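J.:
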Amino acid sequence: MASGSFDTGEQIVTPFLRRENIKTIDHLVISHGDNDHAGGASAVARNFNIKRVITSRLGIVPGSELCHSESRWETDDLTFRLFSVADTTDGNNSSCLLHVSGVGVDVLLTGDIEVASETQLLALALPHMDLVSAPHHGSASSSTPAFLNMVRPGLAIVSAGYKNRFHHPDPFVMTRYRQRNSRVLNTADHGSVSVYFTDRLIVTLARETHPRLWYK
Numbered sequence: 005m006a007s008g009s010f011d012t013g014e015q016i017v018t019p020f021l022r023r024e025n026i027k028t029i030d031h032l033v034i035s036h037g038d039n040d041h042a043g044g045a046s047a048v049a050r051n052f053n054i055k056r057v058i059t060s061r062l063g064i065v066p067g068s069e070l071c072h073s074e075s076r077w078e079t080d081d082l083t084f085r086l087f088s089v090a091d092t093t094d095g096n097n098s099s100c101l102l103h104v105s106g107v108g109v110d111v112l113l114t115g116d117i118e119v120a121s122e123t124q125l126l127a128l129a130l131p132h133m134d135l136v137s138a139p140h141h142g143s144a145s146s147s148t149p150a151f152l153n154m155v156r157p158g159l160a161i162v163s164a165g166y167k168n169r170f171h172h173p174d175p176f177v178m179t180r181y182r183q184r185n186s187r188v189l190n191t192a193d194h195g196s197v198s199v200y201f202t203d204r205l206i207v208t209l210a211r212e213t214h215p216r217l218w219y220k
């Protein structure tokens, strides 16, 4: 996200990648054009060698391609499937979706999809997921019972700002996840969530690994 003088791509993503000694990005996926998903992309593109940019709307980063045509690749024993179920001008429902699978691991990153795209996903009969990013920040427009019954996530991660003006996540939606025995982590409460892939998911929380007095 880029807002005013603060640019997440410049001030958060770039320092993190440099700390990890990453100089080249093989695939930069931008789910859709909303500022809270795409706003920092230009800074990342300036600072790193990017081999491929995929998004749901052209023009966000020069030279990008659309995710409306499904693509797959394999890296480190993981298969990445990138696709979109709605070739539409509706930014949220045209979000790129990323399914990451490996031995004993299935993860679905959902962007801001809402009811229309979730309904179309039902036809794909996706497997149960170890992790999903809660669609549209856990808003009331998404995470329908039918969608959750299909993916049955072991872990749902909500990307939301502390006391955000949209009041994400919706409490009724969070109840839906918990009724299906999903563990829910909210970045507003837990800070940055890091997920490591082995034959299972290993999850670490910034507020536990880097405690600060003001977290209390």
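In this note's numbering, the protein residues as written are 5 to 220.
Note that CB positions come from ideal geometry on N, CA and C, so glycine has one too.
Note that the coordinates shown come from a computational prediction; the quantities given were computed from them, not determined experimentally.
1) Is V177 helix, strand or coil when you go by DSSP?
2) For E74, does the count of other Cβ atoms within 10 angstroms reach 16, so buried, or fall short, so exposed?
3) Considering only residues of the stretch 25-57, which uninterrupted beta strand (DSSP E) runs meet the minimum length of 3 residues and lie entirely inside it, listed in chain order?
4) Note down, one range per segment and in chain order, each alpha helix (DSSP H) of at least 4 residues found wholly within the stretch 72-128.
5) Does the stretch 23-43 come within contact of the stretch 57-69, defined as at least 3 CB pairs closer than 8 Å?
6) Once you ignore the five residues that flank H172 on each side, which residues in its own chain have a CB closer than 6 Å to its CB?
7) Less than 8 Å between C-beta atoms, sequence neighbours within five positions excluded: which residues of the same chain meet that for T148?
8) Could you check if N168 is buried or exposed, using at least 16 other CB atoms within 10 Å of its CB as the buried criterion?
9) Nearest to L152 by CA position, among F170, R76 and M178, is which residue?
10) Which value, in whole angstroms, describes the spacing of the CA atoms of V136 and S9?
11) If you check the beta carbons only, do V104 and F84 fall under 8 Å apart?
12) Apply the 10 Å Cβ neighbour rule to G67 and answer buried if 16 or more other Cβ atoms are within range, or exposed otherwise.
13) To which residues of the same chain is V197 closer than 7 Å at the C-beta, ignoring the five residues directly before and after it?
14) Taking 7 Å as the limit between beta carbons, can you name the residues of its chain near I54, skipping five residues before and five after?
15) Could you tell me which residues DSSP pairs with R187 in its beta bridges?
16) Please report how far the alpha carbon of F201 lies from the alpha carbon of L102, in whole angstroms.
17) Please work out which residues of its chain come closer than 6 Å, Cβ to Cβ, to H194, disregarding the five sequence neighbours upstream and downstream, and give them in chain order.
18) Please return the same chain residues whose Cβ sits closer than 6 Å to the Cβ of D11, not counting the five positions on each side in sequence.
19) If you draw a straight line from the C-alpha of R56 to the C-alpha of R182, how long is it?
20) So, using beta-carbon positions, are N51 and T18 closer together than 8 Å?
T.: Looking at the atomic coordinates:
1) Of the three classes helix, strand and coil, the one that applies to V177 here is helix, per DSSP.
2) With fewer than 16 neighbouring CB atoms inside 10 Å of its own CB, E74 falls in the exposed class.
3) Segments of the beta strand (DSSP E) lying fully in the stretch 25-57: 32-34.
4) Taken in chain order, the whole alpha helix (DSSP H) runs of length 4 or more contained in the stretch 72-128 are 119-125.
5) The answer is yes - the stretch 57-69 touches the stretch 23-43, with three or more Cβ pairs under 8 Å.
6) In its chain, beyond the 5 residues on either side, H141, G142, S143 and A164 have a beta carbon closer than 6 Å to the beta carbon of H172.
7) Setting aside the 5 residues that flank it on each side, T148 is surrounded in the same chain by V119, E122 and T123, each with a C-beta closer than 8 Å to its C-beta; the list follows chain order.
8) When all chains shown are included, N168 counts as exposed.
9) Ranking the options by Cα distance to L152, first place goes to M178.
10) Approximately 31 Å between the Cα atoms of the pair.
11) In contact: V104 and F84 (Cβ atoms closer than 8 Å).
12) It counts as exposed.
13) Apart from the 5 residues on each side of it in sequence, V197 sits with its Cβ closer than 7 Å to the Cβ of I161, L189, T191, V207 and L209 in its chain, given in chain order.
14) So the list reads I29 and L32, once near-sequence residues are dropped.
15) R187 is bridged to L159.
16) For F201 and L102, the gap between their C-alpha atoms comes out near 15 Å.
17) Taking H194 as the centre and dropping the five residues before and after it, the same chain places the C-beta of L209 and R211 closer than 6 Å to its C-beta, in chain order.
18) Correct list, in chain order: G44 and A47.
19) R56 and R182 have their C-alpha atoms roughly 37 Å apart.
20) Yes, the pair counts as a contact, with Cβ atoms nearer than the cut-off.
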